[in-house]
Amino acid sequence: MRLNFRAIAAIYRFEMARTWRTPSQSIVSPVLSTALYFVVFGGAIGSRMQSIDGVPYGAFIVPGLIMMSLLTQSIANASFAIYFPKFTGTIYELLSAPVAWWEAVIGYVGAAASKSMLLGLIILLTATFFVPLRIEHPAMMLLFLVLTATTFSLFGFIIGIWADGFEKLQVIPLLIVTPLAFLGGSFYSIAMLPPFWQKVTLFNPVVYLISGFRWSFYGIADVSLGVSLGMTLFFLVLCIGIVGWIFRTGYRLKN
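If you count by our numbering, then the sequence shown holds residues 1292 to 1546, one letter each, in order.
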């Protein structure tokens, strides 16, 4: 299999260019929103709360906030990127071009993941102005950043193909992904919950992403690193399989 790198690069550059055309919406707004969480939770609540596993509360929530932003932005970037060509009718140009489906996916998903990872790193830099941070395992932190951004960009790509209206682009992120992120240990350790709810929380897939990402910062986790990494890879493979099925069957590629 020989990849058409020119096609991939063209799609990637086109999608990345949209970020620089609207920096206030693509970068500034999410960073400011996350900064408000630092002020409210890290400052107001953190000053009245003890440390968790030896980590100050303001620093403890940083990995969760970065992950929450990474999930939502990856989905938003990828879903809009593929839905808008369907909405305008330019999807036919892509379907008729000599570009394999996996090359189109690499271009769109690669751009969406790049934008969300850039945003995550900016938020990480912003957090240093609010709380003292340490990253004990930077390589693992980058690995989780890449895997999560890629997985949820693929998931957003799937949503963009499934949606037949702008309202549907928001349904799953707002009603499912955001609540799961809030309930996945972004602002607390699941060890603080009663035993029954600890077991229930383990059915939340976001728990494994946040737990592994937090381990890369402070060496503490709600579930083992191996399980977190394994579940993250499982989600990635599952999304790749669904995207492959969509393009093989032609499911909703045209409105």
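Just so you know, even glycine gets a beta-carbon here, dropped at the ideal spot from N, CA and C.
Can you give me the Cβ contacts of residue i inside the same chain, cut-off strictly under 7 angstroms, excluding the 5 residues immediately before and after it?
| i | result |
| --- | --- |
| residue 1400 | 1369, 1441, 1444, 1445, 1448 |
| residue 1363 | 1464, 1468, 1469 |
| residue 1526 | 1442, 1496 |
| residue 1374 | 1451, 1454, 1460 |
| residue 1418 | 1329, 1353, 1424 |
Give the straight-line distance between the Cα atoms of residue i and residue j, rounded to the nearest whole angstrom.
| i | j | result |
| --- | --- | --- |
| residue 1528 | residue 1311 | 31 angstroms |
| residue 1454 | residue 1342 | 43 angstroms |
| residue 1499 | residue 1514 | 7 angstroms |
| residue 1305 | residue 1344 | 45 angstroms |
| residue 1392 | residue 1533 | 13 angstroms |
| residue 1537 | residue 1530 | 11 angstroms |
In this structure, what does DSSP give as the bridge partners for residue i?
| i | result |
| --- | --- |
| residue 1346 | 1343 |
In terms of alpha-carbon separation, which member of the options lies closest to residue i?
| i | options | result |
| --- | --- | --- |
| residue 1521 | 1348, 1410, 1503, 1393 | 1503 |
| residue 1519 | 1537, 1432, 1397 | 1432 |
| residue 1372 | 1307, 1413, 1533 | 1307 |
| residue 1366 | 1318, 1512, 1450 | 1450 |
| residue 1300 | 1397, 1478, 1490, 1359 | 1397 |
| residue 1349 | 1384, 1420, 1294, 1410 | 1420 |
| residue 1376 | 1491, 1293, 1302, 1474 | 1302 |
| residue 1384 | 1298, 1487, 1539 | 1298 |
So, for residue i: in the same chain, excluding its five sequence neighbours on each side, which residues have a beta-carbon less than 6 angstroms away from its beta-carbon?
| i | result |
| --- | --- |
| residue 1356 | 1325, 1328 |
| residue 1346 | 1509 |
According to DSSP, simplified to helix, strand and coil, what is residue i?
| i | result |
| --- | --- |
| residue 1422 | coil |
| residue 1515 | coil |
| residue 1384 | helix |
| residue 1485 | coil |
| residue 1474 | coil |
Return the chain-ordered list of same chain residues with a C-beta closer than 8 angstroms to the C-beta of residue i, the five sequence neighbours on each side being excluded.
| i | result |
| --- | --- |
| residue 1271 | Outside the modelled stretch of the chain, which goes from 1292 to 1546, sits residue 1271, for which no answer is possible. |
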